Structure formats: C-alpha cells, structure tokens
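Residue 884 in the numbering used here sits at position 38 of the sequence shown, with consecutive numbering throughout.
Only one structure is covered here, and it is reproduced in the block below.
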Amino acid sequence: MEIVNTIGRRKTSVARVYLTQGKGTITVNRKDAKDYFKSNVLQIIINQAFQAAEVNEMYDVKANVDGGGTNGQAQALRMAIARALCEVNPELRGRLKKEGFLTRDSRMVERKKFGRKKARRRFQFSKR
C-alpha cells in the first residue's frame, strides 16, 4: 500500500494527513498525538474514525494541523483520517458517512458588525 494523502477541515482548522500501513502510531506536527492533544476527549475524537471503520492499529498517521483551536483541529483530523480510510477501502464509506465523519461541518464564527459590540450583541442602551 502506498501513502494516501487527504485533507480535512473544521472552522478555521486544516488537517493534512498521510496514511500508511503500520502499527497504529499517530503523529501530529511531529509530536505524538497524546502529547499534542492532551485532553482525553480530543484523543477519543481522533480515534473515532478508526473505531467506526474497525481498523484499529492497522495504519500509521502523519498529520500537519494548523489554524483554529484544539477542538477544531481534532475534528479536522478526524475528517481527514476518515477520508483517507475511504480511499484505502471504499467499502468503509457507508459506515463513516453514517457516523457523519465525511460531512464538512459548515458552521463558522459569524463576523462582528459595525455599530455593535459583537456579531449580534448591541451596545448597552441608556435612556438617560
């Protein structure tokens, strides 16, 4: 099996993944995934694609992740891994699609408008 290259996005985060046959090591920005994503919740999010496809510890992942916060990065990484697994084995597409790992979450932060404190919050009004 050759190297499979995919991209996943979430909010402003972009994850570029290189998937190869291996022992299940996940490297993010040249660090171990457990060191990069210290929270257990984020580590679970990353491994969800492998668990849904039932291919734990069959592939090695090298990922470059940038932009956004840790939660968005983890979800972008999950999407990229799911896309890579689909390229390796197209039969997994149904399972991963059902879990929602192949669908780009289009929700983004609404921009701040002029004349307002935030995107929708107005400045405090004082009658007197």
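Positions of the beta carbon are idealized from the N, C-alpha and C atoms, including for glycine.
Since we're looking at a predicted model, the values are computed, not measured.
Buried versus exposed call for residue i [16 or more other C-beta atoms within 10 Å across all chains shown]
i, result
"S859", "buried"
"I872", "buried"
"R929", "buried"
"F896", "buried"
"Q894", "buried"
"G870", "exposed"
"G918", "buried"
Which listed residue (the options) has its alpha carbon closest to that of residue i
i, options, result
"V911", "I890, G854, R939 and Q970", "G854"
"N935", "T916, A909, R856 and Q867", "Q867"
"Y905", "F971, F960 and N851", "N851"
"K908", "T916, E945, F960 and I927", "I927"
"R862", "S972, E956 and I849", "I849"
Own chain residues within Cβ distance below 7 Å of residue i, not counting five before or after
i, result
"G913", "T858, S859 and V860"
"M954", "K857"
"Y882", "V874 and N875"
"I891", "A920, Q921 and R924"
Own chain residues within Cβ distance below 8 Å of residue i, not counting five before or after
i, result
"C932", "L938, R939, L942 and L948"
- Task: Count the CB pairs spanning the segment 888-904 and the segment 960-970 that are closer than 8 Å, and state whether there are at least three.
- Result: Output reads no: the segment 960-970 does not touch the segment 888-904.
- Contact the segment 943-960 vs the segment 870-886: 3+ CB pairs below 8 Å: They do not touch, by the three-pair rule.
*Can you list, in chain order, the stretches of the alpha helix (DSSP H) that have 4 or more residues and sit fully within the segment 860-921?*
Within the segment 860-921, the complete alpha helix (DSSP H) runs of at least 4 residues are 879-882 and 886-899.
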